[in-house]
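> First the structure, then my questions, so here it is.
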Amino acid sequence: MFSQWSYIRRCTLCTLVWTSFISAALRTLAIPSNEVNLLDSRTVMGDLGWIAYPKNGWEEIGEVDENYAPIHTYQVCKVMEHNQNNWLQTNWIFNEGAQRVFIELKFTLRDCNSLPGGLGTCKETFNMYYFESDDEEGRNVRESQYNKIDTIAADESFTELDLGDRVMKLNTEVRDVGPLSKKGFFLAFQDVGACIALVSVRVYYKKCPTVIKNLAVFPDTITGADSSQLLEVAGTCVNNSVAEELPRMHCSAEGEWLVPIGKCICQAGYEELNGTCQVCIAGFFRPSTQSPGCSKCPLHSHTYVEASTTCQCEDGYFRRDNDPPNMDCTKPPSAPRNAISNVNETSVFLEWMAPAVTGGRKDVTYNIICKKCSSDSNQCEECGSHVRYLPHHRNLRNTSVMVADLLAHTNYTFEVEAVNGVSALSARPRQFVTLNVTTNQAAPSPVSFVKKGKTAKNSIFVSWQEPDRPNGIILEYEIKYFEKDQETSYTIIKSKDTEITADGLKPASVYVFLVRARTAAGYGEFSRRFEFETSPFLAASSDQSQTPIIAVSVTVGVILLAVVTGFLLSGRRCGYSKAKQDPEEEKMHFHNGHIKLPGVRTYIDPHTYEDPNQAVHEFAKEIDASCITIERVIGAGEFGEVCSGRLKLPGKREIPVAIKTLKAGYTEKQRREFLGEASIMGQFDHPNIIHLEGVVTKSKPVMIVTEYMENGSLDTFLKKNDGQFTVIQLVGMLRGIASGMRYLSDMGYVHRDLAARNILVNSNLVCKVSDFGLSRVLEDDPEAAYTTRGGKIPIRWTAPEAIAFRKFTSASDVWSYGIVMWEVMSYGERPYWEMSNQDVIKAVEEGYRLPGPMDCSAALYQLMMDCWQKDRNSRPKFEEIVSLLDKLIRNPSSLKTLINASNGVSNLLVEHGTVESTVYQSVGDWLEAIKMGRYTEHFMESGYSSVDAVAQMTLEDLRRLGVNLAGHQKKIISSIQEMRVQMMNGTVPV
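Just so we're aligned: the sequence shown equals residues -30 to -1, 1 to 960 in mature numbering (1 follows the signal peptide of the UniProt record, and there is no 0).
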């Protein structure tokens, strides 16, 4: 009996020994920042004051470690007795509002197997309970009122051998309790027969600690009762910040901040730095909450206070209200420089250079002030409203302006003023340059009145007075008349007198007369419309009396027909014929701008006109420059800039237009050549021919105005959209081009430069033939080459007979159309690639033709080959081409048969024995030569390391290699086809 009690005593004492060993481990444990202790037995200085029941059960052992820090343990080891029920109750624990708390236990437990037998019923577990209460009065409760938390078992138990080896066996277990509903609770530990030492008890709850995120403070937040609950918490913006969107975060059950929403941003005058809003120091500013940070004051501005939102401009410098606050302060510009004037009759072209000092701004504009000055004094007055400025006289961005409708032989002073956005804020005097000019001879003013004299059934005598302002010697008058409501069929008579007799009129009919005068300066405006009526026709009383009249009429008709025929044969295709009544008069009859020939509309070469300017006025409508708004420059032509803009004619809706301008300083020859294209275009009216809206010739700059084609030239458009269209869409484009060429062919017009670059495309993919400046094509086209006859022609698009003999016909246009077909189906590929023009001429002459484009329909390629027949009489007519394309469009299945890329190479364009073939040292050299070097590694990795292997490749092989761009596929396949033929001819080593 004594030995048993002695063992138990030794066991209890040994627990105290363990306590001294574990004290160091207990002191090194740090509490995480997201945990708040409600109880920690390790920190209590005196007795814990817990209650044990029965009193001889749990025993409190209090000691200090080597640093005199308290160590509290509760021990029980009643293993020799049966039916143990020992309780240990803590003090009341205030939960501080937490709904879920955690209990961390540290304890040791004796292994029952290491105890002698017969010592009762040994256990290796104990139980933990809790009881909720709003105050300490609830301490004396029955066991049945406690709620069990869990049965606690040890992961590590000790034996007597462990005591000898002084091995520490410390268990840690954590359990959570919740949800709690009252202010506090008691914990209780129940021993049912174990040998246990409770080393420490820590009760705590978790919180999300205070944090600053997105410039918002989120306070300590106790976690929720549920282990999966997220609590949404609103943040408070730090000082000098405002909420852009209400800042929020979510507190997780583990005490972590998650899912930030919204943020605060620093107020103007402050910037974010290290999670706070720092003030902008003097010399720096932040204009708004959206600005990135404090910035140094812009040039020529300053601030001397902190938290500035703007900087003040220095004296003499300004900032507009709508200028951004970070923009430099600026000042007005200096005067324009090097102003010059160019007087052209009663128009003046002013040009100048930008100011040497722009004031630091890019919004410099110019104002033109016109003053008319008397010749005998220095007195000047503002020019009247009759003066026109092109484009305008206020807020000009260009450094030039045309001033028109000035008085002849008059002194003018022009002030060209430079202003910018802050000129109105400055008290500095205006900055301008002055130009003094005197106008030259002007065209005469309109004839103000036309009166009717003697009339007959077939004639009207009219007369008029000289214009109020002839502005020089009147050289002649031009009289235009036509039957009312038949304005497209008119007659023009020229006379040096102020009267004429218009004959050959219909009886009892109203005719409209317009008269204008011409001086050395040119034609003036037509007079207003004057309407006069011929006398009524007096009918004979019998049919017999009409017979002589009919006979005479037939005779006159035959004579007139002979006269017209003789006129045409004489080469005077401009339509002139001498009037019989006066050798000083000259008469022209027009119908829709052409000589009257029944049922036939024929192209008239404007170069056959004695006065080329007359052709322009007959075939092109004059447009007032005020109806045109130029918006931007889209290109440059031979004679000037090409612009896009808007045209608003009276009574019509505004439309987009393209505008070709004639640059200043042109010669008369250049002007005629420039307007020659308008004289040609004005004769055409077809949906697939570029439409001429009109010309501006009576003011400067001289302009040609056409419809605007949004997608530009066909070759560039196709290159930008490589592989993006269906075959039917491409054939539709070709059909439109062929239809336009059929119309030109029927008119008797030969284009001579049909190429994809001269086809324009609108937003609906409608293609229209353009570029009718023939002389320009033959002389200066970059695609042209010199022939033996000295002219330049576009070799790659031109038929062999046109190159050799300059024999241009509709058949040579058909050849060119075949090249255009090839361009379209290859998406803008350059015909004959990099071959020289001489090689092209030689190869075509020997019978070689371009290969079919990749994925090209066999039917379309056959049509190309037909267009390239050497015998021009064997080529199809444009009428036949349109008909064939219509059939293909109506039967799309006929386009599905493709030419075989691996066969049919006998017609490939390569030199046979005379053109030097390119010898490549490796596949890499070959790819670099055709600018496809990026695929060298693909070829090598796939085993295509020799020219022989490459020559056998197909389109599918290329796709497997990773060559997926349609344009690149076409280029490589075309080169492979050329390589095959060269290998057949022995010109490429295998």
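Quick reminder that beta carbons are idealized off the backbone N, C-alpha and C, glycines included. If you're wondering where the values come from, they're calculated on a predicted model, not measured in any experiment.
For Thr667, which of Ile625, Glu436 and Val586 has the nearest alpha-carbon?
Of Ile625, Glu436 and Val586, the residue nearest in Cα terms is Val586.
> What's the C-alpha gap between Glu215 and Leu931?
Whole-angstrom Cα-Cα distance: 53 Å.
> For Val794, name the three-state secondary structure that DSSP assigns.
It is helical.
> Drop a sphere of 10 angstroms on the beta-carbon of Glu948, count the other beta-carbons inside from all chains shown, and report buried for 16 or more, exposed for fewer.
By the neighbour-count rule (16 or more Cβ atoms within 10 Å), Glu948 is buried.
> Helix, strand or coil for Glu948? Go by DSSP, reduced to three states.
DSSP places Glu948 in helix when its eight states are reduced to three.
> Return the chain-ordered list of same chain residues with a C-beta closer than 8 Å to the C-beta of Leu928, the five sequence neighbours on each side being excluded.
Hits under 8 Å: Gln939, Ile942 and Ile943.
> Might you give, ordered along the chain, the residues of its own chain that have their beta carbon closer than 6 Å to the beta carbon of Ser258, omitting 5 neighbours on each side?
Here the set comprises Ala238.
> Can you name, in chain order, every residue of its own chain whose Cβ lies under 8 Å from the Cβ of Ser265, other than the five neighbours on each side?
Phe254, Phe255, Arg256 and Asn296, listed in sequence order.
> From Glu242 to Pro189, what does the alpha carbon distance come to, in whole angstroms?
Cα-Cα distance, rounded: 20 Å.
> Have a look at Asp10 and Gly205 and give me their C-alpha separation to the nearest angstrom.
If you take the alpha carbons of Asp10 and Gly205, they lie about 32 Å apart.
> Out of Ser211, Ala277 and Met795, point me to the one whose CA is closest to Ile829's CA.
The question names Ile, but residue 829 in the sequence shown is Ala. When each option's Cα is compared against that of Ala829, the closest is Met795.
> In or out: Glu51 buried (at least 16 other Cβ within 10 Å) or exposed?
That one is exposed.
> Within 10 angstroms of its Cβ, does Ser827 collect 16 or more other Cβ (buried), or is it exposed?
Buried.
> Could you say which of Asn691, Asp841 and Pro801 lies nearest to Gly822 if we only look at CA atoms?
Selected option, being the one with the closest Cα: Pro801.
> Out of Arg860, Trp767, Ser892 and Cys597, which has the shortest C-alpha to C-alpha gap to Gly702?
Gly702 has its Cα closest to that of Arg860, out of Arg860, Trp767, Ser892 and Cys597.
> My parser needs the beta strand (DSSP E) runs of 3 or more residues fully inside the region 347 to 372; what are they?
Whole beta strand (DSSP E) segments, 3+ residues: 350 to 352 and 358 to 360.
> Specify the secondary structure class of His721 as computed by DSSP and reduced to three states.
Residue state, collapsed to three classes: coil.
> Alpha carbon to alpha carbon, what distance is there between Ser733 and Phe500?
Those two C-alpha atoms are separated by around 44 Å.
> Determine the contact status of Ser429 and Asp473, defining contact as a CB-CB distance below 7 Å.
Yes, Cβ-Cβ distance for Ser429 and Asp473 is below 7 Å.
> Could you give the C-beta distance for Gly710 and Asn658, rounded to a whole number, given that I count them as a contact under 8 Å?
Indeed they touch by this definition, with Cβ atoms about 3 Å apart.
> Which word fits Asn4, buried or exposed, when buried means at least 16 other C-beta atoms lie within 10 angstroms of its C-beta?
Buried, by the Cβ-count rule.
> Could you check whether Val432 and Phe483 sit closer than 7 Å to each other, using their CB atoms as the reference points?
Yes; because the gap between Cβ atoms is below 7 Å, this pair is in contact.
> Which complete alpha helix (DSSP H) runs does the region 573 to 599 hold, if anything under 4 residues is left out?
The qualifying runs are 582 to 589.
> Using a 10 Å radius around the Cβ and a threshold of 16 neighbouring Cβ atoms, would you call Met15 buried or exposed?
Exposed, since its Cβ has fewer than 16 Cβ neighbours within 10 Å.
> Run the CB neighbour count on Met791, radius 10 Å, all protein chains shown included, and call it buried at 16 or more, exposed below.
Result: buried.
> For my contact list, Leu185 and Ile251 are in at a C-beta cut-off of 8 Å; report their separation, rounded to the angstrom.
At roughly 20 Å, the Cβ-Cβ gap does not stay under 8 Å, so Leu185 and Ile251 are not in contact.
> Just verifying my parser: in three-state terms, what is the DSSP assignment at Trp57?
Note: Trp57 maps to strand in three-state DSSP.
> Roughly how many whole angstroms lie between the Cα atoms of Lys342 and Ser415?
Cα-Cα distance, rounded: 19 Å.
> Straight-line CA distance for Val334 to Arg367?
If you take the alpha carbons of Val334 and Arg367, they lie about 7 Å apart.
> Using a threshold of 6 Å, is the CB atom of Asn807 nearer than that to any non-hydrogen atom of the ligand HEM?
Ligands are entirely absent from the displayed structure, and the ligand HEM is therefore not among its contents.
> Only counting runs of 4 or more residues, tell me where the alpha helix (DSSP H) segments fall wholly within the region 659 to 737, in order along the chain.
Whole alpha helix (DSSP H) segments, 4+ residues: 684 to 690 and 697 to 717.
> Could you please give the first and the last residue of the uninterrupted beta strand (DSSP E) stretch that includes Glu387?
Unbroken beta strand (DSSP E) run through Glu387: Asn381 to Val389.
> By alpha-carbon positions, which one of Glu315, Ala324 and Leu395 ends up nearest to Gly442?
Among Glu315, Ala324 and Leu395, the Cα nearest to that of Gly442 belongs to Glu315.
> Give the C-beta separation of Thr328 and Pro303 to the nearest angstrom, bearing in mind that I take them to be a contact with Cβ-Cβ under 8 Å.
Yes, they are in contact, since the Cβ atoms of Thr328 and Pro303 sit about 5 Å apart, within 8 Å.
> Out of Cys178, Thr95 and Tyr175, which one is the CA nearest neighbour of Asn141?
Answer by Cα proximity: Thr95.
> What is the rounded straight-line gap between the Cα of His363 and the Cα of Ser649?
Computed Cα separation, rounded: 31 Å.
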